[in-house]
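Undergrad: The listed protein sequences derive, respectively, from chains C and D. Following numbering that gives the first Met the number 0, the numbering of the first sequence begins with 0 at its first residue and continues without gaps. Following numbering that gives the first Met the number 0, the numbering of the second sequence begins with 0 at its first residue and continues without gaps. Ideal placement from N, C-alpha and C gives every residue a C-beta, glycine not left out. Source: prediction; values computed, not measured. To start, I am sharing the structure in question, which I have written as structure tokens.
2 protein chains.
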Amino acid sequence: MKSELKGNVVVGQSGGPTAVINQSLVGVVEELHKHECFGKCLGAIHGVRGIVDEQFVDLKQIAPDDLEAIARTPAAALGSSRDKPDEDYCNRIFEVFRKNDVRYFFYNGGNDSANTAHIVNEVAQQAGYDLKVFHVPKTIDNDLRVTDHCPGYGTAATFVTHAVIGDDFDNRSLKGIKVDIVMGRDAGWLAASSMLAKREDDDGPHLIYVPERPVTMEQFVGDISDVYDRLGRCVVVVSEGIRDVDGVIWTKKISQDLEADAHGNVQLSGTGALADFLTSKVKENMKGVRMRADTFGYLQRSFPALISPVDAREARLCGSQAVYQAAGAIDSGSICMQRFGKGDRYRVETFVSALASVAAETKPLLDEYINDAGNYVTPSFYDYVAPLVGPLPKVGYIRK
Amino acid sequence: MKSELKGNVVVGQSGGPTAVINQSLVGVVEELHKHECFGKCLGAIHGVRGIVDEQFVDLKQIAPDDLEAIARTPAAALGSSRDKPDEDYCNRIFEVFRKNDVRYFFYNGGNDSANTAHIVNEVAQQAGYDLKVFHVPKTIDNDLRVTDHCPGYGTAATFVTHAVIGDDFDNRSLKGIKVDIVMGRDAGWLAASSMLAKREDDDGPHLIYVPERPVTMEQFVGDISDVYDRLGRCVVVVSEGIRDVDGVIWTKKISQDLEADAHGNVQLSGTGALADFLTSKVKENMKGVRMRADTFGYLQRSFPALISPVDAREARLCGSQAVYQAAGAIDSGSICMQRFGKGDRYRVETFVSALASVAAETKPLLDEYINDAGNYVTPSFYDYVAPLVGPLPKVGYIRK
């Protein structure tokens with residue numbers, strides 16, 4: 000137990016940014032001011048890269064008003080990194096910590112970041128160096144283990160829901176088939192959230208496909224054709240990680256030269272290839288039908304001014320709780336959220352889970368939230384996702 | 000002069016929807032209630048298609064609260080149409096009008112819709128049938144002649160600006176080159192509006208390309224390379240109608256099998272082909288640089304809950320003014336806006352222009368708003384566009 004530990008702090012942000020990732024950063028900085036054990040707060044520029052290069056800014060010097068403005072701003076204010084540190088990289092991080100009397104490390108990111116925090120923690124332990132290491136969760140993919148949900152997800156889900164609501168009205172105006180590609184390499188949580196756009200019986204999305212349920216092109220086209228026959232139109236939400244029944248993602252099948260980042264994650268967002276491929280396949284089977292596709296892309300994680308208030312509050316909470324726990328009896332861990340109550344009674348409490356329990360592996364969209372046909376979510380998913388998103392627009396229809 | 004004319008009304012919506020097109024519809028319906036010359040208000044389902052098929056809803060029966068909800072809702076509540084009526088089609092429209100004692104026709108759309116209104120008006124005149132015909136402007140492209148600007152543009156510009164603000168922060172987080180494709184087949188007004196996202200010197204967009212200024216691939220790649228050398232990153236906004244110096248749009252060069260609609264407009268939105276093509280070209284010249292692209296797609300015209308208040312008010316005004324003028328001494332025309340004052344003193348007044356003056360032809364982004372290099376807008380464009388958009392997010396930076 001290192002509760003009497005005094006020393007400097009390093010805080011970093013990692014991986015794909017979210018629109019509320021700076022809420023967590025500001026939560027960390029605010030809480031640091033309340034405890035005497037913390038020295039300087041070194042903000043690492045571009046995550047682990049900034050640590051090994053000793054590129055820091057002193058975050059305790061930022062005025063409260065400026066901190067609030069930063070909290071409202073999408074994407075990692077310190078800069079992010081896609082580096083995935085191996086053991087050697089983690090040793091270099093540790094050496095910088097030792098050199099700068101860093102005794103506290105708060106790392107805000109996804110499962111890869113939790114893994115980095117875990118390795119750095121082990122290196123310090125092996126060296127007999129007192130260091131407290133906390134992972135603060137973040138991902139629009141919502142695929143971290145242990146925690147009920149992840150900061151960043153609720154705001155991304157709010158954007159996707161708004162986008163599909165508007166897009167569904169557009170599709171009512173000029174009828175046809177519309178495919179919307181939503182982020183989510185391996186997990187369908189974000190695509191699933193689009194179910195909130197459906198408020199009337201004939202609203203879209205009419206179909207939702209997630210990576211957890213492989214689908215043949217025949218089923219995909221057949222499902223769309225069925226909806227089109229019934230409504231004269233069809234709005235389809237598709238996770239970018241949609242895959243065939245042989246387990247190979249469609250995007251991989253389309254193109255052999257997809258760029259891979261250092262984590263081995265294939266880069267899917269920002270490419271129109273999947274959208275164009277799926278529309279061409281549907282067109283082959285439904286000639287003469289108006290057919291459009293959009294890839295929502297990076298706006299899903301960076302769109303400002305449409306932040307979910309619940310998500311912003313929880314992201315701030317996870318940051319401040321990491322510091323609060325570090326000032327107390329716990330030496331390391333990942334901040335997790337547990338939910339209590341449904342609907343208006345929804346609230347969360349945080350707890351600390353071992354770094355290893357969150358590191359590396361991810362959590363798919365649960366089976367109970369996917370319908371038997373594998374082309375939509377179950378009603379129970381509404382209870383899960385609705386409390387996490389911001390207010391939805393109140394709309395009106397002219398019934399014909 | 001047909002000011003004593005009494006009879007039924009047909010109102011229709013046409014072309015690509017906007018997020019405030021229903022404000023104009025509600026402006027029409029509200030104003031109709033104030034004048035005794037108007038009989039039933041027949042809303043045409045899917046524009047001219049609904050007229051020839053005699054598919055109408057009675058809009059005077061809708062309760063005020065429901066009308067307000069419809070006004071707030073993106074995309075044509077009556078349904079829209081891409082049909083471009085020829086003389087024969089217009090004759091059929093006229094026959095339906097005569098059969099149903101329709102004496103007033105309000106058509107909300109772009110330059111094609113103004114042209115339809117113009118032809119129908121001439122057919123009625125030739126037949127000696129008293130009919131008043133008004134065009135209510137609408138287009139996110141902002142490319143109608145005579146009027147200072149078009150309802151729908153301000154809200155689309157608000158979305159694009161928000162999107163680029165968020166995207167620019169994302170690009171600061173994970174540095175590289177980002178290309179954002181914005182709607183605008185022949186006019187760069189919407190792409191130009193992204194200049195509002197640039198508030199600090201190093202903010203994006205760093206480059207803006209519009210169809211009015213053809214560009215070679217060498218210049219395009221060279222411009223990006225220059226910005227990247229200076230800032231270590233580059234955010235580029237590109238109109239979907241970007242074209243080569245031979246006048247051929249890049250999208251046409253990429254693909255020979257682009258779908259054309261009945262207006263002969265090539266369908267560019269919703270395809271990732273241009274984004275993928277441009278990124279591949281940049282990649283060839285800047286190996287190893289992180290390179291991403293998004294196509295903002297249909298969200299630009301349909302995103303709810305981020306409506307420009309000025310745009311909503313003006314769209315409503317154009318609808319109500321069409322009816323007000325029809326109840327008076329004027330027989331036909333297109334409602335146009337003239338602006339007075341700058342900044343906080345901005346206001347508009349409407350006037351009526353001849354249908355033929357707005358029909359068919361469009362208005363490109365003015366020369367005075369494009370810089371000499373053809374890769375950005377001039378400062379004077381700020382004064383033009385800023386009053387039209389909604390509030391922008393207040394953001395904060397950590398300076399490194």
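Check whether chain C comes within 7 Å of Lys399 of chain D, counting only Cβ atoms and requiring the distance to be less than that.
TA: Counting from 1 along the second sequence, the entry for residue 399 of chain D is found at position 400. Closer than 7 Å: yes.
Undergrad: Taking the alpha-carbon positions, what's the Thr250 of chain C to Glu239 of chain C distance?
TA: As a position in the first sequence, residue 250 of chain C is number 251, starting the count at 1. As a position in the first sequence, residue 239 of chain C is number 240, starting the count at 1. For Thr250 of chain C and Glu239 of chain C, the distance between alpha carbons rounds to 8 Å.
Undergrad: Let's test the definition: count the other Cβ atoms within 10 Å of the Cβ of Arg344 of chain D and tell me whether it reaches 16, buried, or not, exposed.
TA: As a position in the second sequence, residue 344 of chain D is number 345, starting the count at 1. Classification for Arg344 of chain D: exposed.
Undergrad: So what's Asn107 of chain C in DSSP terms, helix, strand or just coil?
TA: For the purposes of this step, residue 107 of chain C is taken as residue 108 along the first sequence, with counting starting at 1. Under the three-state reduction of DSSP, Asn107 of chain C is assigned to strand.
Undergrad: What residue range is occupied by the uninterrupted alpha helix (DSSP H) comprising Val209 of chain D?
TA: Taking the first residue of the second sequence as position 1, residue 209 of chain D is located at position 210. Taken as a continuous stretch (DSSP letters only), Val209 of chain D belongs to no alpha helix (DSSP H), as it is neither H nor E.
Undergrad: For Ala162 of chain D and Ala311 of chain C, what's the separation of their Cα atoms in angstroms?
TA: Against the second sequence, residue 162 of chain D aligns to sequence position 163. Against the first sequence, residue 311 of chain C aligns to sequence position 312. Cα to Cα, the separation comes out at about 19 Å.
Undergrad: Enumerate in chain order the residues of its own chain whose CB-to-CB distance from Val10 of chain C is below 6 Å, with the five nearest sequence positions on each side excluded.
TA: As a position in the first sequence, residue 10 of chain C is number 11, starting the count at 1. Excluding sequence neighbours, Val10 of chain C sits near Val27, Gly42, Phe105.
Undergrad: Check whether chain D comes within 7 Å of Tyr297 of chain C, counting only Cβ atoms and requiring the distance to be less than that.
TA: Taking the first residue of the first sequence as position 1, residue 297 of chain C is located at position 298. Yes, its Cβ sits closer than 7 Å to a Cβ of chain D.
Undergrad: Identify which residue in C:Tyr375, C:Ala358, C:Glu199, C:Leu66 has its Cα closest to the Cα of Asp366 of chain C.
TA: As a position in the first sequence, residue 366 of chain C is number 367, starting the count at 1. Considering only alpha carbons, the answer is C:Tyr375.
Undergrad: For Ala191 of chain D, does the count of other Cβ atoms within 10 angstroms reach 16, so buried, or fall short, so exposed?
TA: As a first step, residue 191 of chain D is located in the second sequence; it is residue number 192 there, counting from the start. By the 10 Å Cβ count, Ala191 of chain D comes out buried.
Undergrad: Do you know whose CA, among C:Val101, C:Phe96, C:Ile50, lies nearest Asp82 of chain C's CA?
TA: Counted from its first residue, the first sequence places residue 82 of chain C at position 83. Closest by alpha carbon: C:Ile50.
Undergrad: With a cut-off of 7 Å, does the C-beta of Thr157 of chain D fall near any C-beta of chain C?
TA: By one-based count along the second sequence, residue 157 of chain D stands at place 158. It does not; no Cβ of chain C falls within 7 Å.
Undergrad: Going along the chain, which residues of its own chain have a beta-carbon closer than 8 Å to the beta-carbon of Val244 of chain D, five neighbours each way excluded?
TA: As a first step, residue 244 of chain D is located in the second sequence; it is residue number 245 there, counting from the start. Result list for Val244 of chain D: Pro213, Val214, Thr215, in chain order.
Undergrad: I need the DSSP call for Asp47 of chain C, collapsed to helix, strand or coil.
TA: Sequence index remark: in the first sequence, residue 47 of chain C carries index 48 (1-based). Going by the sequence as given, residue 47 of chain C is Val instead of Asp. In the structure shown, Val47 of chain C sits in a helix (DSSP, three-state: H, G or I).
Undergrad: Within 10 Å of its beta-carbon, does Ala155 of chain C have 16 or more other beta-carbons around it, so buried, or fewer, so exposed?
TA: Numbered from its first residue, the first sequence carries residue 155 of chain C at position 156. Per the 10 Å Cβ criterion, buried.
Undergrad: Would Pro73 of chain C and Ala18 of chain C be called neighbours here (beta carbons separated by less than 7 Å)?
TA: In the first sequence, counting from the first residue as 1, residue 73 of chain C sits at position 74. In the first sequence, counting from the first residue as 1, residue 18 of chain C sits at position 19. Their beta carbons are under 7 Å apart, which means Pro73 of chain C touches Ala18 of chain C by this criterion.
Undergrad: Would you say Ser331 of chain D and Leu354 of chain D are within 7 Å of each other, going by their C-beta atoms?
TA: Working through the second sequence from its first residue, we reach residue 331 of chain D at position 332. Working through the second sequence from its first residue, we reach residue 354 of chain D at position 355. Yes, they are a contact pair.
Undergrad: Take Leu387 of chain D and list the residues in its own chain whose beta-carbon comes closer than 7 Å to its own, dropping the five residues that flank it on each side.
TA: The count along the second sequence starts at 1 and reaches residue 387 of chain D at position 388. Contacts found: His148, Tyr152, Gly153, Ala156, Ser307, Val309, Asp310.
Undergrad: Helix, strand or coil, according to DSSP, for Gly395 of chain D in the structure here?
TA: Counted from its first residue, the second sequence places residue 395 of chain D at position 396. Gly395 of chain D falls in the coil class under three-state DSSP.
Undergrad: So, for Gly269 of chain C: in the same chain, excluding its five sequence neighbours on each side, which residues have a beta-carbon less than 8 Å away from its beta-carbon?
TA: Within the first sequence, numbered from 1, the residue matching residue 269 of chain C stands at position 270. At Gly269 of chain C the pLDDT is 45, less than 50, meaning the model places this residue with poor confidence and gives no usable figure here.
Undergrad: Given that a residue counts as buried once 16 or more other Cβ atoms are within 10 Å of its Cβ, and exposed if not, what is Asn370 of chain D?
TA: Here residue 370 of chain D refers to the residue found at position 371 when the second sequence is read from its first residue. By the neighbour-count rule (16 or more Cβ atoms within 10 Å), Asn370 of chain D is not buried but exposed.
Undergrad: Assuming Lys59 of chain D contacts Lys39 of chain D under a Cβ cut-off of 8 Å, what Cβ separation, rounded to an integer in Å, is found between them?
TA: Here the question's residue 59 of chain D lines up with position 60 in the second sequence. Here the question's residue 39 of chain D lines up with position 40 in the second sequence. At roughly 7 Å, the Cβ-Cβ gap stays under 8 Å, so Lys59 of chain D and Lys39 of chain D are in contact.
Undergrad: Which first and last residues belong to the alpha helix (DSSP H) in which Val384 of chain C is found?
TA: What you label residue 384 of chain C is simply residue 385 of the first sequence in a count that begins at 1. It spans 379 to 384 - the alpha helix (DSSP H) in which Val384 of chain C sits, taken as one unbroken run.
Undergrad: Under a Cβ-count criterion, where at least 16 other Cβ atoms within 10 Å of its own Cβ denotes burial, should Pro16 of chain C be classed as buried or exposed?
TA: Here residue 16 of chain C refers to the residue found at position 17 of the first sequence. Classification of Pro16 of chain C: buried, given that the 10 Å Cβ count is 16 or more.
Undergrad: With a cut-off of 7 Å, does the C-beta of Gly271 of chain C fall near any C-beta of chain D?
TA: Locating residue 271 of chain C in the first sequence gives position 272, counting from the first residue. Closer than 7 Å: yes.
Undergrad: Where Ala385 of chain D and Leu391 of chain D are concerned, what is the direct C-alpha to C-alpha distance, given to the nearest angstrom?
TA: Within the second sequence, the letter at position 386 stands for residue 385 of chain D. Within the second sequence, the letter at position 392 stands for residue 391 of chain D. Going from the Cα of Ala385 of chain D to the Cα of Leu391 of chain D covers about 10 Å.
Undergrad: Quick check on Gln393 of chain C: buried or exposed, where buried means 16 or more other Cβ atoms within 10 Å of its Cβ?
TA: Mapped onto the first sequence, residue 393 of chain C falls at position 394. It should be pointed out that residue 393 of chain C corresponds to Lys in this sequence rather than to Gln. So Lys393 of chain C counts as exposed.
Undergrad: Can you tell me where the beta strand (DSSP E) with Thr154 of chain C in it begins and where it stops?
TA: Working through the first sequence from its first residue, we reach residue 154 of chain C at position 155. Counting along the chain, no beta strand (DSSP E) covers Thr154 of chain C; the unbroken alpha helix (DSSP H) around it starts and ends at 152 to 172.
Undergrad: Output, in chain order, the set of chain D residues within a Cβ distance shorter than 9 Å of Gly78 of chain C.
TA: Along the first sequence, read from residue 1 onward, the residue named residue 78 of chain C stands at position 79. Annotation: Cβ neighbours of Gly78 of chain C in chain D (cutoff 9 Å, chain order): Arg171, Ser172, Leu173, Lys174, Ile397, Lys399.
Undergrad: In the stretch 277 to 297 of chain C, which residues sit with their C-beta less than 7 Å from some C-beta in chain D, listed in chain order?
TA: Arg291, Ala292, Asp293, Thr294, Gly296, Tyr297
Undergrad: Restricting to runs no shorter than 4 residues, where is the alpha helix (DSSP H) found entirely within the stretch 172 to 231 of chain C?
TA: Listed in chain order, they are 188 to 192, 216 to 230.
Undergrad: DSSP on His148 of chain C, reduced to helix/strand/coil?
TA: To locate residue 148 of chain C, count along the first sequence from 1; it is residue 149. If DSSP states are grouped into helix, strand and coil, His148 of chain C belongs with coil.
Undergrad: Keeping to the same chain, check which residues put their C-beta closer than 6 Å to that of Cys425 of chain D; ignore five residues upstream and five downstream.
TA: What is shown of chain D runs 0 to 399, which leaves residue 425 of chain D out entirely.
Undergrad: Rounding to the nearest angstrom, what Cα-Cα distance links Pro378 of chain D and Leu364 of chain D in this structure?
TA: Here the question's residue 378 of chain D lines up with position 379 in the second sequence. Here the question's residue 364 of chain D lines up with position 365 in the second sequence. Rounded to the nearest angstrom, the two C-alpha atoms are 14 Å apart.
Undergrad: Could you tell me if Ser279 of chain D is buried or exposed, where buried requires 16 or more neighbouring beta carbons within 10 angstroms of its beta carbon?
TA: Reading the second sequence from its first residue, position 280 is the one you call residue 279 of chain D. Flag for Ser279 of chain D reads exposed.
Undergrad: Answer with yes or no whether the minimum CB distance from Pro400 of chain C to chain D is below 7 Å.
TA: Nothing in the structure corresponds to residue 400 of chain C, since chain C is present only between 0 and 399.
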